[in-house]
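Engineer: Here you go, one structure.
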Amino acid sequence: MSYIVPDEELLQTRTKKFLKRIFIMRQLGTILCFFPIFSVLRDMHYESGYFILLAVNAFVWPSVAFLISRRSSDPVKSEQTSLILDTMFGGAWIGVMGLSPMPSFIILAVFIADRYAAGGWKLLAPSILGFTVSLIGIWLLVGMPLTLTFSPHTVWLTIPLATLYLIALSILSRKLSTNLSQKNRQFERIALMDPRLHIPNRRLFEQRLASTFVQTQRGNSTAHLMLIDVDHFKDINDTYGHEMGDYVLIELSNILRESIQSKDIPARFGGDELAVIVMDSSSQEIMQLSQTILDKVRHFRLPINPDFRMSISIGISSAAAAGSTTDWLKMADQALYEVKRQGRDGVQYICEMS
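Take the sequence shown: its position 43, counting from 1, is numbered 30 in our numbering, and each next residue is one higher.
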């Protein structure tokens, strides 16, 4: 069994972007936390050692965490550990501040919003646990101080944390959400398109077939279903190889796209079978279109064998004559079978169920 090997360079690029995003947000958060915590510690007349530790946490720790994650064999897991450590450091500083309410509640709110945005409850739960244990442990260690009042300058220094960080988090979340939405649309397009022929696959075609049939029943439009089968396709594969068989289908797909209108819907319906939903055309116009496609296919030549003659069989049915999408498809299939029964290389139009 073959496996798809991820592009190592692409994975490394994505990891670097992820680590860079975390580093920027961590550095912004620690700087914005530094000032209100510094203000409370100064009001509580702490020794200089606490201010040094605060500066290390604010200005050194983000770079250390970034380097650790970058050198780790599992950067994502390493970064999750660092995010939990961030909350533990935050809990420790709240304990040192004697539970001062103004910075403490804002810091807690920022941690909850950030951790939930980063990893949901799976990351938030251990972060809150670490935060609580660290807060209680450090608070007990420093003598259980209680600082319920705060100075005006502490309030002013807390405002940037309460606003700027949450704005930055919102911008980042919006950007990631937009990128994810774009990726989802790309994946959906890949899942619904034939990768070789660059036309809808059967899954998408059946969706369009059903919606088109509903439109015709409401009288909003008319539609014909055209099933196209490459004559003796197995012989082409057996004689010239599967790559040349794919080449034949690609060229047939190109012929269809250049022959039909932009509102018509081509698709790969099966292995060697293509289909087209032809919109708002009369029976005469659909027959003219079929003849045009037949003629173009007859002039097709294989690069490796100019003497090769290709032909197709086309079965057509009208949505107006069908009672359901299934009937519509069956009628086109019956028409295709009739062409093959008569010797292939032709077109048959069935306008009612047999």
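Each residue gets a CB set at the ideal place from its N, CA and C atoms; glycine is no exception.
(1) Residue ranges of each beta strand (DSSP E) run of no fewer than 3 residues wholly in the segment 43 to 70, ordered along the chain?
(2) I'd like to confirm the pairing. Which residues does DSSP put opposite residue 160 in its beta bridges?
(3) Quick one: what does DSSP say residue 176 is sitting in, helix, strand or coil?
(4) Does DSSP classify residue -9 as helix, strand or coil?
(5) Please report the straight-line C-alpha distance between residue 6 and residue 107, rounded to a whole angstrom.
(6) Of the choices 167, 268, 228, 4, whose alpha-carbon is the least far from that of residue 306?
(7) Check whether the Cβ atoms of residue 185 and residue 273 lie closer than 9 angstroms to each other.
(8) Between 287, 294, 322, which has its C-alpha nearest residue 304's C-alpha?
(9) Ends of the alpha helix (DSSP H) at residue 277?
(10) Determine which residues share a DSSP beta bridge with residue 253 and list them.
(11) Exposed or buried, residue 58, counting other C-beta atoms within 10 Å across all chains shown (16 or more means buried)?
(12) Going by Cα to Cα distance, which pick from 64, 62, 21, 32 is closest to residue 47?
(13) Go ahead and label residue 13 buried or exposed: buried means 16 or more other beta carbons lie within 10 angstroms of its beta carbon, across all protein chains shown.
(14) From residue 294 to residue 242, what distance separates their C-alpha atoms?
(15) In chain order, which beta strand (DSSP E) runs of at least 3 residues are fully inside the segment 187 to 228?
(16) Would you check if there are 3 or more beta carbon pairs closer than 8 angstroms linking the segment 272 to 292 to the segment 253 to 261?
(17) For residue 336, which residues does DSSP report across the bridge?
(18) Below 8 angstroms on the Cβ atoms is my guess for residue 125 versus residue 79; work out the distance and round it to an integer in Å.
(19) Determine, using beta-carbon pairs with one atom in the segment 155 to 170 and one in the segment 223 to 234, whether at least three such pairs fall under 8 angstroms.
(20) What distance in whole Å lies between the Cβ atoms of residue 298 and residue 181, which are believed to be in contact at a cut-off of 8 angstroms?
Structural biologist: In this structure, then:
(1) none
(2) DSSP output for residue 160 lists no bridge partner at all.
(3) helix
(4) Since pLDDT at residue -9 reaches only 40, below the 50 mark, its modelled position is unreliable, and no value is offered.
(5) 18 angstroms
(6) 268
(7) no
(8) 322
(9) 270 to 285
(10) 263
(11) exposed
(12) 21
(13) buried
(14) 20 angstroms
(15) 210 to 217
(16) no
(17) 303
(18) 4 angstroms
(19) no
(20) Not quite, the Cβ-Cβ distance comes to about 22 angstroms (not below 8 angstroms), so this is no contact.
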